[in-house]
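Report on the structure given below.
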Amino acid sequence: GENVEQHPSTLSVQEGDSAVIKCTYSDSASNYFPWYKQELGKGPQLIIDIRSNVGEKKDQRIAVTLNKTAKHFSLHITETQPEDSAVYFCAASSPGGSYIPTFGRGTSLIVHP
Amino acid sequence: SQTIHQWPATLVQPVGSPLSLECTVEGTSNPNLYWYRQAAGRGLQLLFYSVGIGQISSEVPQNLSASRPQDRQFILSSKKLLLSDSGFYLCAWTPGQGFFEQFFGPGTRLTVL
Numbered sequence: 001g002e003n004v005e006q007h008p009s010t011l012s013v014q015e016g017d018s019a020v021i022k023c024t025y026s027d028s029a030s031n032y033f034p035w036y037k038q039e040l041g042k043g044p045q046l047i048i049d050i051r052s053n054v055g056e057k058k059d060q061r062i063a064v065t066l067n068k069t070a071k072h073f074s075l076h077i078t079e080t081q082p083e084d085s086a087v088y089f090c091a092a093s094s095p096g097g098s099y100i101p102t103f104g105r106g107t108s109l110i111v112h113p
Numbered sequence: 001s002q003t004i005h006q007w008p009a010t011l012v013q014p015v016g017s018p019l020s021l022e023c024t025v026e027g028t029s030n031p032n033l034y035w036y037r038q039a040a041g042r043g044l045q046l047l048f049y050s051v052g053i054g055q056i057s058s059e060v061p062q063n064l065s066a067s068r069p070q071d072r073q074f075i076l077s078s079k080k081l082l083l084s085d086s087g088f089y090l091c092a093w094t095p096g097q098g099f100f101e102q103f104f105g106p107g108t109r110l111t112v113l
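Protein chains in written order, with our numbering: chain A, 1 to 113; chain B, 1 to 113.
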């Protein structure tokens, strides 16, 4: 089955800095890679996703990049703000896995004002 | 638009008592439905998923069961709760066959004493 590794487990930055979270996956058939943001006491919220036919996708201050050859993808947050503080999860899914995502273990992002 | 509801939001139960958590989705038909548990430490563990009424797949052996009595209703149950059943329970849905995006509910915080 699929295995997703996520790093770092904790990331602390100053407001205005950039933050990068990296994930690797094992199943070369995986073709969909979502990122979720989970605030304390709430359910995860889908913030951006990328499919295997695209190398990069941007949405305002967040972007995701995908390297299919190396089987890794990353979340980039620019000009971080305190409200970006949350736990972020990456995931990978494939048709062979019935599109059920395999999640990384999460990254706790702390943005200091 | 589609919305997902979970109740109760918080629950404190004694060991050995029964459990029933409910999840409903509005604004869609024939969704795939999922139950996850999130213990302290952030990881998301898939417990059950369902692709249709009465169709339940279990991912891990455990003290819990799931049922889908209606198209947009998913119930998580236990006959006798254990201390280890404590956690944050999340329901999620996807639009169905061939769709990737998975959306989470607000979650239920269960504490077993």
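Yeah, the Cβ is synthetic: ideal placement off N, Cα and C, and Gly gets one too.
Could you confirm whether any beta carbon from chain A is found closer than 7 Å to the beta carbon of P14(B)? Not closer than 7 Å to any Cβ of chain A, the Cβ of P14(B) fails to qualify, so no.
Own chain, CB closer than 7 Å to T3(B), minus 5 neighbours either side, in chain order: E26, G27
Within a Cβ cutoff of 6 Å, which residues of the same chain sit near S18(A), ignoring the five residues on either side of it in sequence? Once the five neighbours on either side are set aside, the close Cβ partners of S18(A) are T78.
Could you say which of H112(A), A70(A), F103(A), G1(A) lies nearest to Q81(A) if we only look at CA atoms? H112(A)
L150(B) versus Q70(B), G107(B), R37(B), T111(B), residue with shortest Cα-Cα distance: One cannot answer for residue 150(B) here, as it falls past the ends of chain B, which runs 1 to 113.
Looking at A91(A): is its Cβ nearer than 7 Å to the Cβ of E2(A)? no
Using a Cβ-Cβ cut-off of 7 Å, state whether F104(B) counts as contacting chain A. yes
Between A70(A) and F48(B), what straight-line distance do the alpha-carbon atoms span, to the nearest angstrom? The straight-line gap from Cα to Cα measures roughly 31 Å.
Does F74(B) have its Cβ less than 7 Å from a Cβ in chain A? For F74(B), no Cβ of chain A is located within less than 7 Å of the residue's own Cβ.
Chain-ordered chain B contacts of D49(A) [CB-CB under 9 Å]: F100, E101
Opening and closing residue of the beta strand (DSSP E) in which A29(A) lies: Per DSSP, A29(A) belongs to no beta strand (DSSP E) and is neither H nor E.
How long is the line joining the alpha carbons of A63(A) and L113(B), rounded to whole angstroms? 43 Å
Output, in chain order, the set of chain B residues within a Cβ distance shorter than 9 Å of S93(A). F100, Q102
Return the CA-CA distance between V60(B) and Q45(B), expressed in angstroms with no decimal places. 9 Å
So T108(B) packs on Q6(B), CB below 8 Å; how close in whole Å? That belief holds up - the Cβ atoms of T108(B) and Q6(B) are roughly 5 Å apart, short of 8 Å.
Could you tell me whether the Cβ of P44(A) comes closer than 7 Å to any Cβ of chain B? yes
Among the residues of its own chain, which have a CB less than 7 Å from the CB of K68(A), if the five just before and after it don't count? Counting only Cβ-Cβ distances below 7 Å, and skipping sequence neighbours, we find S52.
Secondary structure of P95(A), DSSP reduced to three states: helix
Given 8 Å, three or more beta-carbon pairs between the segment 4-20 of chain A and the segment 69-89 of chain B: no
Could you tell me whether the Cβ of R61(A) comes closer than 7 Å to any Cβ of chain B? no
Within 7 Å (strictly less), CB to CB, does L44(B) reach chain A? Taking a beta-carbon distance threshold of 7 Å, L44(B) counts as an interface residue toward chain A.
Determine the closest residue to C91(B) out of N32(B), P18(B), K80(B), with distance taken between C-alpha atoms. N32(B)
Is Y32(A) close to chain B? Criterion is C-beta to C-beta, closer than 7 Å. At least one CB of chain B lies nearer than 7 Å to the CB of Y32(A).
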